[in-house]
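Enquirer: Residue numbers (the UniProt record's numbering): 1 to 423. Cβ coordinates follow ideal geometry from the N, Cα and C atoms, glycine included.
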């Protein structure tokens, strides 16, 4: 069985979580909660999800030890949980397949989603194609430019991609538009929320679909090392990959849990997305959590080089774990993440997602503290092919003239040709 219903922990995690939504969504959330409860107790649902995860996603994902990278981490052993090798290139497919099966069980014909880096959007478009569902994906206009390759993937898979130009035109604004669509089409549409945020039951349900990451990794580390890791590290935006790997270790107090938030230009500059480090308790997108807010309670704009972490809130369970001290959350700047990104490329031949590079930067710090006897497990949540353009610009690997020509071709050439061919 790939997931386990954790019955009475929702809708609140300590003081965080809950439901703060328009009345029009209450019935849909109740329907989802009830259908998920029935599915969680249905062996046929678990068997079908297990089959898809093995035969379609490619689970279990492997564990890779990276000794040359670890030489820069104080000699500690560093092990990567390779969610980047899943079908569609990230952990996102774990949750999406579960929610797509629920959509079919509820008799709905259309799914919508929000996406930042595009990985959740690609996974949703993929599952929709597999199961014959209509699919619309909302994406900030800024993110459609910095993740153009994933926009093309979603369109090839048959999804409608709607650029959102309001606000900062990033992930927060994409969520706003997805919620508006859901309110208007709640009778025939399911909102495949992509992270452990939002109103109950999304935080617990999305976590359950991702728990397989930690369950597999815990067994794999025990087999490889003969004991549990000293520390588990994962990047945290909304926090789905982190909660997925953390959960299997919650009852192991000797295992430190480390979430790495996007510090952007530095938390002290105000240009960051570190919601636990620099936020306060508040309500965003249907749940109480730690939010970047001003003194009047207005949500602040976030910033990160990583589109997937560029969000001013965090899942409520992470806020709870931080409040009780079971997990700690540290900021990683854009520059620190990009240095870890380059280091893994050069030492191990693995190009990570920039989101995951934040976790790698945290692993380097933690490894130096633990020393040669330490064992660090890192969730490599996604692959970096979508981020090659961003990395090339950051490291100056292409000329300004090449970038202008590439952008012009991207905007006019391939898109027009694709539309003319009826994709």
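By a C-beta neighbour count over all protein chains shown, 10 Å radius and 16 as the cutoff for buried, is residue 333 buried or exposed?
Expert: Buried: at least 16 other Cβ atoms inside 10 Å.
Enquirer: According to DSSP, is residue 335 helix, strand or coil?
Expert: Residue state, collapsed to three classes: helix.
Enquirer: In angstroms with no decimal places, state the Cα-to-Cα distance between residue 69 and residue 91.
Expert: Near 22 Å, if we compare the C-alpha coordinates of residue 91 and residue 69.
Enquirer: Roughly how many angstroms separate the alpha carbons of residue 17 and residue 280, rounded to a whole number?
Expert: Their Cα atoms are separated by approximately 14 Å.
Enquirer: From residue 455 to residue 245, what does the alpha carbon distance come to, in whole angstroms?
Expert: Nothing about residue 455 can be read from this structure; the chain reaches only from 1 to 423.
Enquirer: Counting along the chain, where does the alpha helix (DSSP H) carrying residue 125 start and finish?
Expert: Where residue 125 is concerned, the enclosing alpha helix (DSSP H) stretches over 119–131.
Enquirer: Do you know whose CA, among 192, 399, 227 and 84, lies nearest residue 209's CA?
Expert: Nearest of 192, 399, 227 and 84 to residue 209, Cα basis: 192.
Enquirer: List the whole-angstrom C-beta distance separating residue 308 from residue 237, where the pair is believed to meet the contact cut-off of C-beta under 8 Å.
Expert: Sure, about 6 Å apart at Cβ, within 8 Å.
Enquirer: Between the beta-carbon of residue 73 and the beta-carbon of residue 376, is there less than 8 Å?
Expert: Yes, they are a contact pair.
Enquirer: Identify which residue in 224, 322, 276 and 267 has its Cα closest to the Cα of residue 78.
Expert: With distances taken between Cα atoms, residue 78 lies closest to 224.
Enquirer: Specify the secondary structure class of residue 418 as computed by DSSP and reduced to three states.
Expert: Confidence is the limiting factor: at residue 418 the pLDDT is only 38, short of 50, which leaves the residue's position unreliable, though a coordinate-based value still follows. Reduced to three states, the DSSP call for residue 418 is helix.
Enquirer: Starting from the Cα of residue 373, find the closest Cα among 36, 71 and 37 and give me that residue.
Expert: Looking at the Cα atoms, 71 is the closest of the given residues.
Enquirer: Short check: CB of residue 61 to CB of residue 177, under 8 Å?
Expert: Contact flag unset, no.
Enquirer: If you measure between the beta carbons of residue 379 and residue 263, is that distance less than 8 Å?
Expert: The answer is no: Cβ separation not under 8 Å.
Enquirer: Can you pull the DSSP bridge partners for residue 25?
Expert: Per DSSP, none; premise fails for residue 25.
Enquirer: Where are the beta strand (DSSP E) runs, 3 residues long or more, that stay fully inside the stretch 170–238, in chain order?
Expert: You should have 189–191 and 231–236.
Enquirer: Distance, Cα to Cα, residue 425 vs residue 21?
Expert: The structure shown does not extend to residue 425, since the chain is modelled only from 1 through 423, so no value can be given for it.
Enquirer: If you follow the beta strand (DSSP E) that residue 77 is in, where does it begin and where does it stop?
Expert: Run containing residue 77: 77–82, per the beta strand (DSSP E) assignment.
Enquirer: Rounded to whole angstroms, what is the Cα-Cα separation between residue 461 and residue 396?
Expert: Nothing about residue 461 can be read from this structure; the chain reaches only from 1 to 423.
Enquirer: What residue range does the alpha helix (DSSP H) around residue 142 cover?
Expert: 141–146 is the extent of the alpha helix (DSSP H) around residue 142.
Enquirer: Following the continuous beta strand (DSSP E) through residue 254, name the residue where it begins and the one where it ends.
Expert: Element bounds for residue 254: n/a, residue is neither H nor E.
Enquirer: Between the alpha carbons of residue 148 and residue 254, how many angstroms are there, rounded?
Expert: Each residue's Cα considered, the two are about 42 Å apart.
Enquirer: Between residue 175 and residue 134, is the Cβ-Cβ spacing less than 8 Å?
Expert: In this structure, residue 134 does not lie closer than 8 Å to residue 175 by Cβ.
Enquirer: With a threshold of 16 other CB atoms inside 10 Å of the CB of residue 27, please say whether the residue is buried or exposed.
Expert: Per the 10 Å Cβ criterion, exposed.
Enquirer: Using C-beta distances below 6 Å, list every residue in its chain close to residue 129, excluding the 5 sequence neighbours before and after it, in chain order.
Expert: Contacts found: 157 and 158.
Enquirer: Near residue 320, what residues of its chain come up, given a Cβ to Cβ distance below 8 Å and the 5 sequence neighbours on each side ignored?
Expert: 13, 14, 15, 16 and 17.
Enquirer: Below 8 Å between beta carbons: does that hold for residue 97 and residue 35?
Expert: No, they are not a contact pair.
Enquirer: By Cβ distance, which residues of its chain are closer than 6 Å to residue 181, with the 5 residues on each side in sequence left out?
Expert: If we look at residue 181 and ignore the five residues flanking it on each side, its Cβ neighbours are 112.
Enquirer: In terms of residues, what are the limits of the beta strand (DSSP E) holding residue 110?
Expert: Start and end: 110–115.
Enquirer: In its own chain, which residues sit with a C-beta less than 7 Å from the C-beta of residue 292, not counting the 5 before and 5 after it?
Expert: Answer for residue 292: 275, 278, 279, 299, 300, 302 and 312, listed in chain order.
Enquirer: Where does residue 57 land, buried or exposed, given buried means 16+ other C-beta within 10 angstroms?
Expert: So residue 57 ends up on the buried side.
Enquirer: Thinking C-beta only, is residue 201 closer than 8 Å to residue 32?
Expert: Yes. Within cutoff.
Enquirer: Count the other C-beta atoms from every protein chain shown that fall within 10 angstroms of the C-beta of residue 7, then say buried if there are 16 or more, exposed otherwise.
Expert: Any reading at residue 7 must be qualified, since the residue scores a pLDDT of 44, below 50, and its modelled position is unreliable; no value is offered.
Enquirer: Which term fits residue 211, buried or exposed, when burial requires 16 or more other beta carbons within 10 angstroms of its beta carbon?
Expert: The residue in question, residue 211, is buried, as its Cβ has 16 or more Cβ neighbours within 10 Å.
Enquirer: Take residue 126 and list the residues in its own chain whose beta-carbon comes closer than 8 Å to its own, dropping the five residues that flank it on each side.
Expert: Answer for residue 126: 87, 88, 93, 96 and 157, listed in chain order.
Enquirer: Going straight from the alpha carbon of residue 393 to that of residue 146, what length do you get?
Expert: Near 11 Å, if we compare the C-alpha coordinates of residue 146 and residue 393.
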